[in-house]
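K.L.:
The numbering of the sequence shown is UniProt numbering, which starts it at 1 and goes up by one.
First, the structure itself, so that you have it in front of you.
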Amino acid sequence: MKKVESALISVFYKDNLAPIVKLLQENGVTIYSTGGTQSFIEELGAEVTAVEDLTSYPSILGGRVKTLHPKIFGGILNRGDNEQDQAQIAEFGIPNIDLVIVDLYPFEETVASGAEHQAIVEKVDIGGISLIRAAAKNYKDTLIVSSREQYDEVAQILSEKNGATELKDRMRFAAKAFDISSHYDAKIFDYFNSAVEAEEEEKIPAFKVTERSAKTLRYGENPHQSGTFYGELSDMFDQLNGKELSYNNLVDVDAAVSLIDEFPALEGAAFAILKHTNACGVALGSDIKDAYVKALACDPVSAFGGVLIANQPITLAAAEEIHKLFCEVVIAPSFDADALELLKGKKNRIILNRKDIATGGIQFKSLLNGVLAQDKDLKTETAEDLTVATEKAPSDSEVNALLFANKICKHTKSNAIVLAKDGQLFASGVGQTSRVDALNQAIAKAKSFGFDLSEAVMASDAFFPFPDCVELAQKEGIKAVIQPGGSIKDQLSVDYCNENDVAMVMTGVRHFKH
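Structural data, given as structure tokens:
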């Protein structure tokens, strides 16, 4: 236990600081401060000594140098059990500072605001980060309060312990301080490394991902695995109903968001149903109810317990249909009031109102003894990207169906085959070890739900090394095929299509999803 005798307070945010100042004043603590914080403390009626009176130096260089002085850092870094340290601070008239309350300039917020480069540079904190590191290093003697989020907890500690702190308190707050400082530095590095005017390969190849918000999940993929989500889900969704999201829910929600983003709301209503990250139903419709009914018809068996997502608001008419199905999650940009009230009728059903916020452009995956990083697959083919490989060109309606199927294929586990027609998924073959197996799976599923494959289209996430897939598809009535191309035996598949009146287009873009 150590009584606080001297405190340095210099903060950007002063919210909820007043109770701490009052406690320090009541306990006879000497307070040192700077600039706006000093004025704030004085307005509270508390005595405060200006840092410049202690150091005999004013704030200089436009405020860039205020606290960077031996009398400040000596006061923070001196060791109470070190005779030489104590002799030196006595010799040079250095006070013993055992509480430091400092936060950092809002660098991230300034970047996010779209400010000019120089304004961002000025929010790179120097004095603040130095004070935080110094106080955290000397946690045995000094308590470091490094964020306004900690003010309430510190006030409680000082109140309960009569102006004193325990070693365990000081060590815990030191850990919080290094968490904040490492996060801050990583964000600055990311900004400067991305702002470098150089070729991509000349940027510093460092992997720095920092996220200070964490949520412990019920478990991971399975009950015997622990799980944690690092991030701010509330930035992306408002949860309007239901139990907490699980690890598997979150994986499926991510896949659902990525898929539905292929279908902009302004281009018409779209609905998708996913299970284990793969779509079991996707459809376009005249309205969101129509799109849902068509999506459910794709595979009503797999839809049970699935994740549902819409690209337009959920109406009461759509909600009445959705309510008939047991599903884990429903996601939409908004819900009509009566629709939401109905869907809330099942208390465990998770309802997410999706906000208009973009997800990151980089994907990470931990494996072996390292991490893989890659750009997200944001390429979506349009009619202009298609090269007709066969003598027969697809009709306009077939082109639309092919592009629709290709979007779904892009978000389906490889090896993947998708069969579709007129804005409706008929079936897909997912995650198979051969493309023929994927096609056979898709054909069997489509037939089991009564779909007529006559004049449907087929999409493949990668090229056909042999003509076996196009032959199987053609014999089931498939009339048009979309694939990346790129096999040394592409011509074999093209020849079969030419001989059997099937149109084939190539995109030149592979969409593996492992």
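The C-beta atom is built at its ideal place from N, Cα and C for all residues, glycine as well.
Keep in mind the model is a prediction, meaning the values are calculated, not measured.
Identify whether E192 lies in helix, strand or coil by the three-state DSSP scheme.
P.N.:
Here residue 192 turns out to be Phe, not Glu, going by the sequence shown. Here F192 sits in helix by DSSP.
K.L.:
Can you give the Cα-Cα distance for A134 and F73, rounded to whole angstroms?
P.N.:
Looking at the two C-alpha atoms, the distance is approximately 7 Å.
K.L.:
Could you tell me the alpha carbon to alpha carbon distance between L266 and E149, rounded to whole angstroms?
P.N.:
C-alpha separation (whole angstroms): 41 Å.
K.L.:
Mind checking M1: buried by the 16 CB within 10 Å criterion, or exposed?
P.N.:
Result: exposed.
K.L.:
Straight-line CA distance for S428 to A416?
P.N.:
Approximately 7 Å, taken between the alpha carbons.
K.L.:
Nearest to P19 by alpha carbon, out of V154, V4, A112 and T216?
P.N.:
Taking only the C-alpha atoms, the option nearest P19 is V154.
K.L.:
Please name the residue, chosen from A279, A332, Q118 and K22, that lies closest to I314 on a Cα-to-Cα basis.
P.N.:
The residue with the shortest Cα to Cα distance from I314 is A332.
K.L.:
On the three-pair Cβ rule with 8 Å, is the segment 394–406 touching the segment 431–446?
P.N.:
The segment 394–406, when compared against the segment 431–446, does not touch it at the 8 Å Cβ threshold.
K.L.:
In this structure, does DSSP put D238 in helix, strand or coil?
P.N.:
If DSSP states are grouped into helix, strand and coil, D238 belongs with the strands.
K.L.:
Please report how far the alpha carbon of S10 lies from the alpha carbon of Q38, in whole angstroms.
P.N.:
Cα-Cα distance, rounded: 8 Å.
K.L.:
Taking only three categories from DSSP, how would you classify L308?
P.N.:
Correct three-state label for L308: strand.
K.L.:
Output the distance between the C-alpha atoms of S397 and K344, rounded to the nearest integer angstrom.
P.N.:
Cα to Cα, the separation comes out at about 39 Å.
K.L.:
Could you give the DSSP three-state label for A270: helix, strand or coil?
P.N.:
Strand, per DSSP.
K.L.:
Might you give, ordered along the chain, the residues of its own chain that have their beta carbon closer than 7 Å to the beta carbon of K208, omitting 5 neighbours on each side?
P.N.:
Excluding residues within five positions, the ones whose Cβ falls inside 7 Å are A186, F189 and D190.
K.L.:
With 16 other CB atoms within 10 Å as the buried threshold, where does L372 fall?
P.N.:
It counts as exposed.
K.L.:
Do you know offhand how far M171's Cα is from S226's?
P.N.:
Each residue's Cα considered, the two are about 26 Å apart.
K.L.:
DSSP state of N353, grouped into three classes?
P.N.:
It is a strand residue.
K.L.:
Using DSSP with H/G/I as helix, E/B as strand and the rest coil, what is V388?
P.N.:
In this structure, V388 counts as strand in the three-state DSSP scheme.
K.L.:
Given A174, which residues of its chain have a CB within under 7 Å of its CB, disregarding the five upstream and five downstream residues?
P.N.:
Once the five neighbours on either side are set aside, the close Cβ partners of A174 are A136, Y139 and I144.
K.L.:
Could you tell me the alpha carbon to alpha carbon distance between E221 and T277, rounded to whole angstroms?
P.N.:
Computed Cα separation, rounded: 13 Å.
K.L.:
In angstroms with no decimal places, state the Cα-to-Cα distance between E232 and A503.
P.N.:
Cα-Cα distance, rounded: 47 Å.
K.L.:
In whole angstroms, what separates the C-alpha of E476 from that of E455?
P.N.:
Spanning the two alpha carbons is a distance of roughly 9 Å.
K.L.:
Excluding the 5 residues preceding and the 5 following E42 in the sequence, name in chain order all residues of the same chain whose CB lies nearer than 7 Å to its CB.
P.N.:
So the qualifying residues of the chain are V48.
K.L.:
Under three-state DSSP, which class holds F178?
P.N.:
Looking at F178 - three-state DSSP - the assignment turns out to be helix.
K.L.:
Might you give, ordered along the chain, the residues of its own chain that have their beta carbon closer than 8 Å to the beta carbon of T387, omitting 5 neighbours on each side?
P.N.:
Here the set comprises G485, V505, M506, T507 and G508.
K.L.:
Report the CB separation of P465 from Y496 in whole angstroms; it is logged as a contact under 8 Å.
P.N.:
At roughly 13 Å, the Cβ-Cβ gap does not stay under 8 Å, so P465 and Y496 are not in contact.
K.L.:
Could you give the DSSP three-state label for A136: helix, strand or coil?
P.N.:
A136: helix per DSSP, three-state reduction.
K.L.:
Assuming K294 and G285 make a contact with CB atoms under 8 Å, what is their CB distance in whole Å?
P.N.:
Right, the Cβ-Cβ distance comes to about 6 Å (below 8 Å), so this counts as a contact.
K.L.:
Compare the C-alpha of L23 against each of H511, L308, Y13 and E5 and name the closest.
P.N.:
Nearest option by C-alpha distance: E5.
K.L.:
To the nearest angstrom, report how far apart residue 528 and R64 are at their CA atoms.
P.N.:
Here the chain has residues from 1 to 514 only, and residue 528 is not among them.
K.L.:
Are at least three pairs of beta-carbons, each pair with one atom in the segment 104–114 and one in the segment 156–170, less than 8 Å apart?
P.N.:
No: the two stretches stay apart, fewer than three of their Cβ pairs being nearer than 8 Å.
K.L.:
Where does D103 fall in DSSP's three states?
P.N.:
If DSSP states are grouped into helix, strand and coil, D103 belongs with coil.
K.L.:
L425 and V330: beta carbons closer than 7 Å?
P.N.:
Contact: no.
K.L.:
If you draw a straight line from the C-alpha of S146 to the C-alpha of I60, how long is it?
P.N.:
For S146 and I60, the distance between alpha carbons rounds to 23 Å.
K.L.:
Do V307 and A389 have their C-beta atoms closer together than 7 Å?
P.N.:
Going by C-beta atoms, V307 is not nearer than 7 Å to A389.
K.L.:
DSSP on V48, reduced to helix/strand/coil?
P.N.:
Correct three-state label for V48: coil.
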